Amino acid sequence: MIREVITYPDKRLKLASKDIEKFDEELHSLLDDMYETMTAKNGIGLAAIQVAVPLNTLLILLPDENDEQKKEDLIEVINPKIVEKKGSIVYQEGCLSVPDYYDDVERAEWIRVEYFDRFGNKIVKECDGLLAVAFQHEMDHLKGHLFIEKLSYLKRKKFEKEWKKKQRAKK
Ligand code: Y12
Ligand code: CO
2 MIREVITYPD KRLKLASKDI EKFDEELHSL LDDMYETMTA KNGIGLAAIQ
52 VAVPLNTLLI LLPDENDEQK KEDLIEVINP KIVEKKGSIV YQEGCLSVPD
102 YYDDVERAEW IRVEYFDRFG NKIVKECDGL LAVAFQHEMD HLKGHLFIEK
152 LSYLKRKKFE KEWKKKQRAK K
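For the sequence shown, my numbering assigns the number 2 to the initial residue and increments by one for each residue that follows.
Shown next as structure tokens:
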């Protein structure tokens with residue numbers, strides 16, 4: 002089932018998500034719905050809070066070298082923790098919860114992350130480049146943060162101006 006993606010400035014996006022304790026059917030159907038929602042909306046990453054569920058889970062599905070998103074490349078992440086990070090990368094980010102706005106954000110270029118899969122198996126993964134950016138972007142959602150909070154003062158003002166203009170055009 003495709004769920005509604007909540008968007009800025011919805012206050013629920015500021016909630017700190019809670020750890021998942023049961024790796025049960027309810028979790029599996031949440032993950033399945035998140036996958037359907039993310040792919041239906043052309044996303045490459047989605048955190049549960051974006052579908053209004055404040056639980057520590059997220060999905061990442063980067064396109065392959067032919068620009069295709071294959072289900073076998075889907076990464077399902079539960080209760081993630083970054084245990085090491087290095088370097089710096091600037092990437093132009095976008096977010097399904099902040100439609101129509103993209104801007105450069107600086108993050109760690111390499112991370113080691115520990116998490117669980119949908120069956121409760123522990124995974125330790127090292128990532129760099131776009132995958133590292135995606136993990137950090139999605140994990141910020143779990144703490145109640147959006148990428149626009151990482152922008153400089155001037156860029157944040159630019160975002161607010163564009164957002165207000167879009168709201169006026171909608172009326
Ligand atoms: C690098 C940078 C950001 C991430 C986080 C995941 N971000 C997304 O999946 C963004 C998706 C997105 C898709 C859009 O396209 C449609 O909605 C059709 C989009 O365009 C509009 O809102 C008009 C904006 C964002 C991971 C790695
Ligand atoms: Co996002």
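Yeah, the Cβ is synthetic: ideal placement off N, Cα and C, and Gly gets one too. Every value quoted in this text rests on a predicted model; they were computed, and no experiment measured them.
- In this structure GLU37 does not touch ILE90 by the C-beta definition: roughly 30 Å separates them, more than the 8 Å allowed.
- Residue pairing from DSSP places LEU47 in a beta bridge opposite LEU60.
- In the three-state scheme derived from DSSP, where H, G and I count as helix and E and B as strand, VAL54 is classed as coil.
- Within the same chain, Cβ atoms closer than 6 Å to the Cβ of VAL106 are found at GLU94, PHE148, LYS151, the five residues on either side in sequence being excluded.
- Rounded to the nearest angstrom, the Cβ distance from VAL6 to LEU97 is 5 Å, consistent with a contact under 8 Å.
- Closest by C-alpha distance to LYS82, out of ALA133, LYS42, LYS162, is ALA133.
- Fully contained in the segment 117-166 are the following beta strand (DSSP E) runs of length 3 or more, in chain order: 123-129.
- Around ARG113, the same chain offers VAL84, GLU85, GLU127 as residues with beta carbons nearer than 6 Å, after the five sequence neighbours per side are excluded.
- Beta-carbon to beta-carbon, GLU110 and GLY46 are separated by about 17 Å, too far to satisfy the 8 Å threshold.
- Between SER18 and LEU143 a beta carbon distance of about 4 Å is seen, short of the 8 Å cut, so the two are scored as contacting.
- A Cβ-Cβ distance of about 19 Å is found for the pair ALA49 and LEU63, leaving them out of contact under the 8 Å criterion.
- Contact between ILE21 and ILE79 is confirmed by a C-beta separation of about 5 Å, below the 8 Å threshold.
- In terms of side-chain proximity, the C-beta atom of SER98 is found nearer than 7 Å to a non-hydrogen atom of the ligand CO.
- Where GLU37 is concerned, there is no enclosing beta strand (DSSP E), although the alpha helix (DSSP H) around it starts and stops at 26-41.
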